[in-house]
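Protein chains in written order, with the numbering used here: chain A, 1033 to 1400; chain B, 132 to 791. The block underneath contains the structure these notes are about, expressed in structure tokens.
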Amino acid sequence: MNLAAANNQALADFSTVLIYSAMAVYVLAFVGHIAEWVFGSRSRVARTAEALSPARSAGAAPAGRGAAAGGSARAAAGGGTAVLDRPAVVTRSGSARADVPDGPGAAAGDARGDLYGTIALALTVLAFLIHAAGVVTRGLSVQRVPWANMYEFSTTFSMVAVGAYLAFVVARKNVRWIGLPLVTTVLLDLGLATTVLYTESDQLPPALDSFWLVIHVSLAIGCGALFYLGAVGTVLYLFRDRYEGKLERGGSPGAFATSVLERLPSAASLDKFAYRVNAAVFPFWTFTIVAGAIWAEAAWGRYWGWDPKEVWSFITWAAYACYLHARATAGWKGRKAAYLALAAFACWLFNYYGVNMLVPGLHSYSGL
Amino acid sequence: MSHVDSTDVGTRGEDARAGVADGEAGAAEARGTEAGAADARAADADARAARAELTTTPAEEPTGGAGERGAAGIGVLGWARWFWRQLTSMRVALLLLLLLSLGAVPGSLIPQNGVDEFQVAEFKENNPTLADVYEALQLFDVYSSVWFSAIYLLLFVSLIGCIVPRTWQFVGQLRSRPPRAPRRLDRMPAHATWHTDAPPEEVLDAARGLLRGRRFRVAGGDGGADSVAAEKGYLREAGNLVFHLALIVMLVAFAVGQLWYVEGGKLVVQGHSFSNTLTQYDDIRSGPFYDYEDLGTFGFTLEEFHSAFEPSGPQKGTPRDFRADVSYWDSLDGAEHQDTIEVNKPLAIGDSRVHLLNHGYAPVVTVRDGQGELAYRGPVPFIPQDDNGTAQGVIKVTDYRDADGEPDQLGFIGLFTPTFGIDDRRGPHSTFPALNYPVLSLSAYHGDLGVDAGLPQSVYQLDDTNMEPFQDESGDILRKALLPGESLELPDGAGTLKFERIERWASFQISEKPATGWALGGALAAIAGLAASLFIQRRRVWVRARAGADGRTVVELAGLGRSESARLPEELGTLAERLTARAARSDAGSDAVLEAGSDARGEASAASASAAASASDADDAAESGAAAGADAADPASDAAGAAPRTVPAQPADERPRSEP
Ligand code: HEM
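Here it is in structure tokens:
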């Protein structure tokens, strides 16, 4: 196929239509999630308060024990000695806070809320498929990876974020709580991409036509998307942690806070989720920067030149390193570390939007 | 190492509000009914021993604690030691890292000398007062400023001071055996108990075999001991050390690269050559220790330059392809080699790399003087000013005689447009970067070019202070737009300039940067180390088997990890399963009895125990498939190791509190 002829405008237009369609379905998913949260608010669960109430810890409460059993956990719940395939493993944790059970999720057991939640999830899957088709056709229309400008970067970024979320769902991880914030931000991201950032589809200028670009940019997108999920976890952790703290001190949080936060996973779970995601992504982010340096060496003759984009990648990297260090440093765990994680993600965002739009530099995507 | 205090071990997953002495009292209270104080103390020391040396992370010393003041009291040496301890502590490493990232910010917002001198000059012109302040703070050279260097040098020292003792300590840990089982295994973060008919020795034997088979380091369990101790995941610590050591390698490689680099630019017209000596460079700079005598011996000729541009569409004019065909020679054999240099594909000759940077057009002109003599002939590179190749240049003719035969000098200021276009706003400009309609517009001057004054002068600028424009009939500055082949007649027989044809030029960056390989190697080692350090868990497992009161064997299994993971209970579950299978008599296959739960159930029945509530809640959740429990997302967890279905565990990594 002739490369010059490959710039298939019709396909590119089709891609744009797909992205708009995906946005429409995301809007429906958004509505579904809202309905899920609204119906879920009818249920009155307060396990957190129960777990944390001062009354409980005043009694001869256990120092946090839960049964993490294998084969026949039901036997444990049912009481009585049972014959097992596999012995039960008992875990104990240090504090009441670590034992706070996770919230029941947005629908909180409400049947209609649950229905809407399921619909929202199904719509998200549908929107994701359309979204992915949009990204792929965009790439096909120019016969290259679709990451050469901010429009393509943004659409791929939100696609990966949703894909990662759905992968967690498929792996049966407790991540449904991300649904609403994720769909909301994906809509914002796509809205921005299709209006402010839109660039006609085209081939790559030679400086961007490199194997290392593919590695570098695809990793950057993937890392950003996962860092984003981690950041959502961190923000919710901060709210939930304050809520639990208040309960622990015997306070009574507002009705809205109670209704919403009660349904989220416990602060400990959210914190752990955020930590795991950030920690797992960090080596990949490091590699992203290294791949970028290798590319810069090939394209510009120096692997590091303190170009604004490089500086902000470095700042982001150092900020996440700070966060990981903070988690290992007494007195910096918990909220302080969470703030560091958010600052680090803010650096990532600035590196993407701020540096591309505000600061002139070599990463202007303009070629030679 | 002395600064490792076992109480620090495994504190990472703790309560978000973990203070220095967090929750100790609460934990003690919770256990109050279980054992007497003395008993608890002994058990605690025991548990501490079990946790000892599970990491090499330095313990945090409480800020301003009594120990600090005591040290300060003993004079200079005490201060020095205090300072060193502070510098190599995690807290200070954290602060330095934070400072490093903050310190890097201004360099991205303020123009930098090393990045774009032109912008710096412009900034200084527009903001003279601010520029003075910035200058004083070295904000135009952030990355080589005293304060930025101070931050990373301190970090560097801190890193070495931290990493060296930790390495030794780790070597010591590798040589020692896993600590023996604590007396109360049920106080470990995760444990299981069951009864079996197999005799204790057999269980312990089986345990040893099982653990060895799963690549644990195993100790004890033979010669009458009632327990086996095992440890695994040393690679985590090793990875962490490799990561930090690799950072040192990278920093040293950067420094070497900065101190010994050389980098120069050269513009070469098609058909012309460059040889790698100082005088041939248009501009060159180097690190303070580089000796120009060491420039590699080589040279190259730009045989042909190719380019292609997007011919139409919204991105019309965007470059599509650049290629410089060169032939080069080096000191090895002097023979000519052919190669191409592309934007992303530099040419390596010896230790040097030749990068293609820019390209443009060089109109070839012939100038004849007032006497009809050839005064100048050659290609004059014009420097592109925009993406469509609108280029500026000057032609300087130093060896010239006017119509009367008097020596004079000529200067032409020119605008070259590969594809000519004109509009009201921009005047003449190029509309496409390829040579579709090339036009050279010139205005002519004569007088003193100033090139003899001995001051360095840009070949791309005309200093017109001592020059006078030629005038046309109407008295305006003489200007003319030429197509290739056309000539500009200077008035009154002062000479002619003929625009012969157009050559192409390409500019190259020729650089040598030592230790690049080391930097890359360090970076890759750092990533590998990091991955090991973040994805591998270091953990200990103990198995104790002894005869119970009823004559059957009581097997206890306990695990302790140092980092946050729900995988430990899962691993223990698997171990227990395998162990029951291995150490089972023929009839004992299904004889593993849920014993461990009894404890929890007992407590659960005590009024409002939410632990059980949570267990069953979560169990329901797992049942309905709606939630996978607290083990929310463990990107690092391998599905293979996961239990068939594990009740959402309480975070297993929380360390049991120690007694105050
Ligand atoms: C150039 C500066 C540094 C960077 C970029 C850096 C980065 C990191 C990163 C990303 C981790 C996470 C790995 C993990 O959690 O296992 C880590 C862990 C660690 N770092 Fe650094 N580090 C630096 C300097 C230092 C210094 C100066 C010290 C000594 C005080 C230090 C001590 C440690 C320790 C002990 C850990 C392990 C923490 C744990 O056990 O979880 N680091 N570092």
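Using N, Cα and C, we set each Cβ at its ideal position, and we do this for glycine too. This structure is a prediction, so every number in the text was calculated from the model and none was measured.
Exercise. Whose C-beta lies closer than 6 Å to the C-beta of L342 (chain B) among residues of the same chain, with five residues either side of it excluded?
Worked result: The beta carbon of L342 (chain B) lies closer than 6 Å to those of V349 and A361 in the same chain, with the five residues before and after it left out.
Exercise. Any Cβ of chain A within less than 8 Å of the Cβ of T647 (chain B)?
Worked result: At least one chain A Cβ lies under 8 Å of T647 (chain B).
Exercise. Tell me the DSSP bridge mates of A455 (chain B)?
Worked result: Looking at the DSSP assignment, A455 (chain B) forms a beta bridge with B:F436 and B:I472.
Exercise. I think V373 (chain B) touches A662 (chain B), with their Cβ atoms under 8 Å apart; what is that distance to the nearest whole Å?
Worked result: In this structure V373 (chain B) does not touch A662 (chain B) by the C-beta definition: roughly 10 Å separates them, more than the 8 Å allowed.
For this session: Taking V1201 (chain A) as the reference, give the member of A:T1216, A:M1389, A:L1261 and A:C1255 with the closest Cα.
Result: For V1201 (chain A), the nearest C-alpha among the options comes from A:L1261.
For this session: Determine the direct distance from the alpha carbon of G536 (chain B) to that of D530 (chain B), and round the result to whole angstroms.
Result: So the two alpha carbons sit approximately 12 Å from each other.
Exercise. Heavy atom of the ligand HEM less than 7 Å from the Cβ of F249 (chain B), yes or no?
Worked result: The answer is no for F249 (chain B).
Exercise. If you drop the 5 nearest sequence neighbours on each side, which residues of the same chain put their C-beta closer than 6 Å to that of H437 (chain B)?
Worked result: Leaving aside the five residues that flank H437 (chain B) on each side, the residues in its chain whose CB is nearer than 6 Å to its CB run, in chain order, R454.
Exercise. Where do the ends of the beta strand (DSSP E) carrying I480 (chain B) lie?
Worked result: Element bounds for I480 (chain B): L478 to I480.
Exercise. Using Cβ-Cβ distances below 8 Å, what residues of the stretch 1054-1077 of chain A are close to chain B?
Worked result: Cβ contacts with chain B come from no residue of the stretch 1054-1077 of chain A.
Exercise. Does the beta-carbon distance from I241 (chain B) to F279 (chain B) come in below 8 Å?
Worked result: Their beta carbons are not under 8 Å apart, which means I241 (chain B) does not touch F279 (chain B) by this criterion.
Exercise. Taking DSSP as the reference, what is the three-state secondary structure of L1296 (chain A)?
Worked result: DSSP places L1296 (chain A) in coil when its eight states are reduced to three.
For this session: Put W673 (chain B) into one of helix, strand or coil per three-state DSSP.
Result: Reduced to three states, the DSSP call for W673 (chain B) is strand.
Exercise. Alpha carbon to alpha carbon, how far is L1381 (chain A) from D422 (chain B)?
Worked result: L1381 (chain A) and D422 (chain B) have their C-alpha atoms spaced approximately 43 Å apart.
Problem set entry | Strand pairing of A323 (chain B), partner residues [DSSP] | As DSSP reads the structure, A323 (chain B) sits in a beta bridge with B:L688.
Problem set entry | Own chain residues within Cβ distance below 6 Å of I1347 (chain A), not counting five before or after | The answer, listed in chain order, is C1379.
For this session: Determine contact between the stretch 1159-1166 of chain A and the stretch 1057-1073 of chain A, defined as no fewer than three beta-carbon pairs at a distance below 8 Å.
Result: Judged by pairs of C-beta atoms under 8 Å, the stretch 1159-1166 of chain A touches the stretch 1057-1073 of chain A, as three or more such pairs exist.
Exercise. What are the boundary residues of the beta strand (DSSP E) that H577 (chain B) is part of?
Worked result: Note, H577 (chain B): beta strand (DSSP E), V570 to G578.
Exercise. Closer than 8 Å, CB to CB, is I1051 (chain A) near chain B or not?
Worked result: False, the Cβ-Cβ gap to chain B never drops below 8 Å.
Problem set entry | Residue range of the beta strand (DSSP E) that includes S358 (chain B) | For S358 (chain B), the uninterrupted beta strand (DSSP E) segment begins and ends at S358 to K363.
Exercise. So which residues on chain B does V1343 (chain A) lean against when the C-beta distance must stay under 7 Å?
Worked result: By Cβ distance, chain B contributes A235, G238 and S239.
Problem set entry | Option in A:A1325, A:P1119 and A:D1146 with minimal Cα separation from L652 (chain B) | Checking the sequence, you will find Gly at residue 652 (chain B) rather than Leu. Of the candidates A:A1325, A:P1119 and A:D1146, the one whose C-alpha sits nearest the C-alpha of G652 (chain B) is A:A1325.
Exercise. Just the Cα atoms here: how many angstroms apart are Y1385 (chain A) and K1341 (chain A)?
Worked result: Y1385 (chain A) and K1341 (chain A): Cα-Cα distance of roughly 11 Å.
Problem set entry | Top-ranked residue by Cα proximity to V1226 (chain A), from A:I1051, A:F1046 and A:D1339 | Residue identity check: residue 1226 (chain A) is Thr in the sequence provided, not Val. For T1226 (chain A), the nearest C-alpha among the options comes from A:I1051.
Problem set entry | Burial state of T410 (chain B) (16 or more Cβ within 10 Å) | The residue is exposed, with fewer than 16 neighbouring Cβ atoms inside 10 Å.
Exercise. Counting contacts by CB-CB distance shorter than 8 Å, is W1338 (chain A) in contact with chain B?
Worked result: Answer yes: the Cβ-Cβ gap between W1338 (chain A) and chain B drops below 8 Å somewhere.
Exercise. Taking buried to mean at least 16 other C-beta atoms within 10 Å of its own C-beta, is G524 (chain B) buried or exposed?
Worked result: G524 (chain B) should be labelled buried.
Problem set entry | Start and end residues, beta strand (DSSP E) containing V528 (chain B) | A522 to R532 is the extent of the beta strand (DSSP E) around V528 (chain B).
Problem set entry | Simplified DSSP state of K611 (chain B), which is helix, strand or coil | In this structure, DSSP gives K611 (chain B) an extended state, which the three-state scheme calls strand.
Exercise. Counting Cβ pairs closer than 8 Å, one from the stretch 586-604 of chain B and one from the stretch 539-555 of chain B, do we hit at least three?
Worked result: With the cut-off at 8 Å, the stretch 586-604 of chain B and the stretch 539-555 of chain B touch.
For this session: Check the Cβ-Cβ distances between T298 (chain B) and every residue of chain A, and say whether any is below 8 Å.
Result: Against chain A, the CB of T298 (chain B) has no partner CB under 8 Å away; the residue lies outside that interface.
Problem set entry | is_contact[H1395 (chain A), chain B] using C-beta, thresh 8 Å | With a pLDDT of only 49 at H1395 (chain A), under 50, the local geometry of the prediction cannot be trusted, and no value is derived from it.
Exercise. Any residues in the stretch 386-400 of chain B with a beta carbon nearer than 9 Å to a beta carbon of chain A? Which ones, in chain order?
Worked result: Of all residues in the stretch 386-400 of chain B, only G388, Y392 and E394 come within less than 9 Å of chain A when Cβ atoms are compared, listed by chain position.
Exercise. Buried or exposed: which applies to R484 (chain B), given that a residue is buried once 16 or more other Cβ atoms fall within 10 Å of its Cβ?
Worked result: That one is buried.
Exercise. What residue from B:L628, B:R698, B:P622 and B:R311 has the CA that sits closest to P615 (chain B)'s CA?
Worked result: If we check each option's Cα against that of P615 (chain B), B:L628 comes out closest.
Problem set entry | Within chain A, the residues that I658 (chain B) reaches when beta carbons sit closer than 8 Å | Result: P1315, T1318, F1319 and V1322.
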